[in-house]
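Numbering (this note's numbering), first residue to last: 30 to 425.
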């Protein structure tokens, strides 16, 4: 699938500039597809037999509809993958049908099907990876030569049209689609960075609330308990102190419950955001393991490690790929981030960012390791599966 076709889940053109860019790309691609299909239409007009002309027109029309739908889906990232594949299958069927309906049209007068084959080659880069584009070009060129041989056309002209014109159209179509793919990736990366920043701010807010209110409420509860225990004093005052202690204890429980909700981390969402950020920067990111097996408290400990690792990949290396590995076994959760950017610019194992996450892991009984093996840089974090979440510390 082309870059333009592989957009993020739930993507939609919120930015007007992005919507205008998509419209421009669609106009560009629609113009080239329509222009390339005008040439088979000439063959239909050159056909003297009415039945052949009608069948040829039907074949060209079916191919035009299928090609237009496939191209539209290729540059519309929010189209479901199932529908996108359905359009590709429809294009394959329409192309196969055109061999029967279009190939005999204007036989010996015009290379009608050769132009259909050129259109297939022209849209292939929008739908397939490059190795399959080459396979498609060779297949269509061979089919064009075979059709010319069977219907009595010029084999050389057919090959030149399908291969030469087809590859030229492919290059013209690929360029705007590639630029559109870059815009989509950049927009996805921007959103992913915003989500990561929001998650970081949510955890910071939870820590601040817990540290400030938790400490104060704990002190109030202790002071009230001391008043209750005084050997002498007004019974009414001791009763009021007891009420103050109960209210402070209840408020402390409510603060802890609220902080726990804020500090809950969706590790799967964090991984998706990191993957989009790295992909938008040209770093191919893959994930091995199931984040659902990581308990919420351990996920809260590992999320800052994941963010710091992604930051190091972007800022301190020339990595081209990154692999995130998650494993939970024997009561220990392990997060490993590997990349091929271990060079002179790679992050220092004792950088402030890594020291910070290492300290937070150590507070929960975990540890952080940094390794280099040739060009591979590995950051590995281990934390007990039942580790307390970072916002649970403090005076309370």
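For each residue, glycine too, the CB sits at the ideal point set by N, CA and C. These numbers come from a predicted model, not from an experiment.
When the beta-carbon positions are compared, residue 303 and residue 337 stay at least 8 angstroms from each other.
Along the length of the segment 144-222, whole alpha helix (DSSP H) runs at least 4 residues long occupy 159-180 and 184-188, reported in chain order.
Taking C-beta atoms under 8 angstroms as the contact rule, residue 357 and residue 316 fail to qualify, at a distance of about 14 angstroms. Listed as beta-bridge partners of residue 398 by DSSP are 409.
Nearest in C-alpha terms to residue 59, of all of 227, 96 and 310, is 96.
Rounded to the nearest whole angstrom, the CA to CA distance from residue 103 to residue 392 is 49 angstroms. Residue 410 has its alpha-carbon roughly 7 angstroms from the corresponding atom of residue 331. Within the same chain, 205 come within 6 angstroms of residue 57 by CB-CB distance, once the 5 residues on both sides are set aside. The residues 212, in chain order, have a CB closer than 6 angstroms to that of residue 50 in the same chain once the five nearest residues on each side in sequence are set aside. Taking all protein chains in view, the Cβ of residue 148 is crowded by 16 or more other Cβ atoms within 10 Å, so the residue is classified as buried. Each residue's CA atom was taken as its position, placing residue 116 and residue 98 some 6 angstroms apart.
Leaving aside the five residues that flank residue 141 on each side, the residues in its chain whose CB is nearer than 6 angstroms to its CB run, in chain order, 69, 72, 131, 134 and 135. Per DSSP, the beta-bridge partners of residue 357 are 362.
Ranked by Cα distance from residue 126, the first of 92, 114, 100 and 65 is 92. Residue 305 sits buried, since 16 or more C-beta atoms from the chains shown fall within 10 Å of its C-beta.
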